[in-house]
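Chains as they are written, first to last, in our numbering: chain A, 1 to 157; chain B, 1 to 103. Below: the structure, in structure tokens.
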């Protein structure tokens, strides 16, 4: 009888040991998967590649219905305020690229149906570059750009 | 954790939301000046903003969004007193969320 109990005890401790190890090594920790976050798009090294990975196409029309508000000269590239306003109907997303950054895609905003075509944020820019706003409306892509001169870069250092 | 500061205000049916998150937003390119080692990338990847149960906006961010990110956007269909919820997740799996009432 005592030997039986000991056997059960051993089994039990072995089992918990295995589970404990699995948790400890990260086998059982839940991975957070971001369905919408495109690794390929954010790691692309040029605007065309980034747009292609993000939208599945890099052909876009220039549009004067997109207004980019950004400083002409940014003294500090680490903080460049950028606002994008668009009057295009049915906007589903607004993306911001800084074309001379190591990875140009900076931010991609997916807008809900009641959301206006406006976003404002602050971005980092490595050097003087064009800030490109790409607006997706329906199946089409529209873009607009504005040059921002950067006197002190904000990436690395 | 209180990493999110948020304000939302409705005027003429349009709600303007302003969000300030405190986060290092390290690019992974910068070097630590003392040790000369690279500071690993640590940045917010996704910010989700919800009004009631509808997602009003989802922002996917790269490392090039500035430290302590600021975000502002506008949407229609909310009334004063409604709750608005913001949550973020970074590349290390850290997250936070906050709720505020629209003024």
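Virtual Cβ for every residue (Gly too), placed ideally from N, Cα, C.
Could you tell me which of the options sits nearest to residue i, measuring between CA atoms?
| i | options | result |
| --- | --- | --- |
| residue 137 of chain A | A:60, A:89, A:105 and A:54 | A:89 |
| residue 87 of chain B | B:41, B:9, B:14 and B:60 | B:60 |
| residue 63 of chain B | B:53, B:74 and B:42 | B:42 |
| residue 54 of chain A | A:148, A:107, A:130 and A:121 | A:107 |
| residue 64 of chain A | A:87, A:114 and A:56 | A:87 |
| residue 90 of chain B | B:37, B:27 and B:33 | B:27 |
| residue 13 of chain B | B:68, B:77 and B:19 | B:77 |
| residue 53 of chain B | B:32, B:7 and B:83 | B:83 |
Here's a check: name, in chain order, each residue in its chain whose Cβ is nearer than 6 Å to the Cβ of residue i, leaving out the five neighbours to either side.
| i | result |
| --- | --- |
| residue 97 of chain A | 47, 104, 105 and 132 |
| residue 85 of chain B | 50 and 99 |
| residue 94 of chain A | 84, 109, 119 and 135 |
| residue 150 of chain A | 74, 77, 125, 127 and 128 |
| residue 47 of chain B | 59 and 88 |
| residue 27 of chain A | Any reading at residue 27 of chain A must be qualified, since the residue scores a pLDDT of 41, below 50, and its modelled position is unreliable; no value is offered. |
Does the distance from the CB of residue i to the CB of residue j come in under 7 Å?
| i | j | result |
| --- | --- | --- |
| residue 44 of chain B | residue 23 of chain B | yes |
| residue 134 of chain A | residue 145 of chain A | no |
| residue 77 of chain A | residue 152 of chain A | yes |
| residue 117 of chain A | residue 56 of chain B | no |
| residue 79 of chain A | residue 66 of chain B | yes |
| residue 21 of chain B | residue 30 of chain B | no |
| residue 75 of chain B | residue 15 of chain B | yes |
| residue 121 of chain A | residue 71 of chain B | yes |
Under 8 Å between beta-carbons, which chain B residues line up against residue i? List them in chain order, please.
| i | result |
| --- | --- |
| residue 78 of chain A | 66 and 67 |
Can you list, in chain order, the residues of its chain with a C-beta nearer than 8 Å to that of residue i? Leave out the 5 residues immediately preceding and following it.
| i | result |
| --- | --- |
| residue 32 of chain A | Confidence at residue 32 of chain A is low in this model, with a pLDDT of 46, below 50, so the placement of that residue should be treated as unreliable; the coordinate-derived value is given next. Nothing meets the Cβ criterion. |
| residue 59 of chain A | 141 |
| residue 50 of chain A | 41, 42, 44, 97, 103, 104 and 105 |
| residue 104 of chain B | Because chain B here runs from 1 to 103, residue 104 of chain B falls outside it and cannot be looked at. |
| residue 79 of chain B | 10 and 102 |
Can you tell me where the alpha helix (DSSP H) with residue i in it begins and where it stops?
| i | result |
| --- | --- |
| residue 54 of chain A | 47-55 |
By the criterion of Cβ-Cβ separation under 8 Å, what are the contact partners of residue i in chain A?
| i | result |
| --- | --- |
| residue 71 of chain B | 119, 120 and 121 |
| residue 77 of chain B | 114 |
Quick one: residues in its chain with C-beta nearer than 7 Å to the C-beta of residue i, no 5 flanking neighbours on either side, listed in chain order?
| i | result |
| --- | --- |
| residue 139 of chain A | none |
| residue 25 of chain A | Only weak support is given to the placement of residue 25 of chain A: the predicted model assigns it a pLDDT of 43, under 50, and the value that follows is read from those uncertain coordinates. For residue 25 of chain A, where only same-chain residues beyond five positions count, there are no Cβ hits under 7 Å. |
If the cut is a Cβ gap below 7 Å, which residues of chain B does residue i touch?
| i | result |
| --- | --- |
| residue 105 of chain A | 62 |
| residue 101 of chain A | 64 |
| residue 42 of chain A | 62 |
Tell me the residue span of the beta strand (DSSP E) that contains residue i.
| i | result |
| --- | --- |
| residue 42 of chain A | Element bounds for residue 42 of chain A: not the beta strand (DSSP E) but the alpha helix (DSSP H), 39-43. |
| residue 130 of chain A | 129-137 |
| residue 82 of chain A | 80-86 |
| residue 117 of chain A | 115-123 |
| residue 97 of chain A | 91-98 |
| residue 101 of chain A | Segment: none, residue 101 of chain A is in no beta strand (DSSP E) and carries neither H nor E. |
Mind listing the chain A neighbours of residue i? Cutoff is C-beta to C-beta under 7 Å, in chain order.
| i | result |
| --- | --- |
| residue 57 of chain B | 109, 110, 111, 112 and 115 |
| residue 54 of chain B | 112 |
Name the chain B residues whose beta carbon is nearer than 9 Å to that of residue i?
| i | result |
| --- | --- |
| residue 127 of chain A | Those within 9 Å of residue 127 of chain A in chain B number zero; the least Cβ separation is about 12 Å. |
| residue 98 of chain A | 64 |
| residue 219 of chain A | Nothing in the structure corresponds to residue 219 of chain A, since chain A is present only between 1 and 157. |
Check the Cβ of residue i against every Cβ in chain A and list those closer than 9 Å, keeping chain order.
| i | result |
| --- | --- |
| residue 20 of chain B | What residue 20 of chain B touches in chain A: nothing, since even the nearest Cβ is about 10 Å away. |
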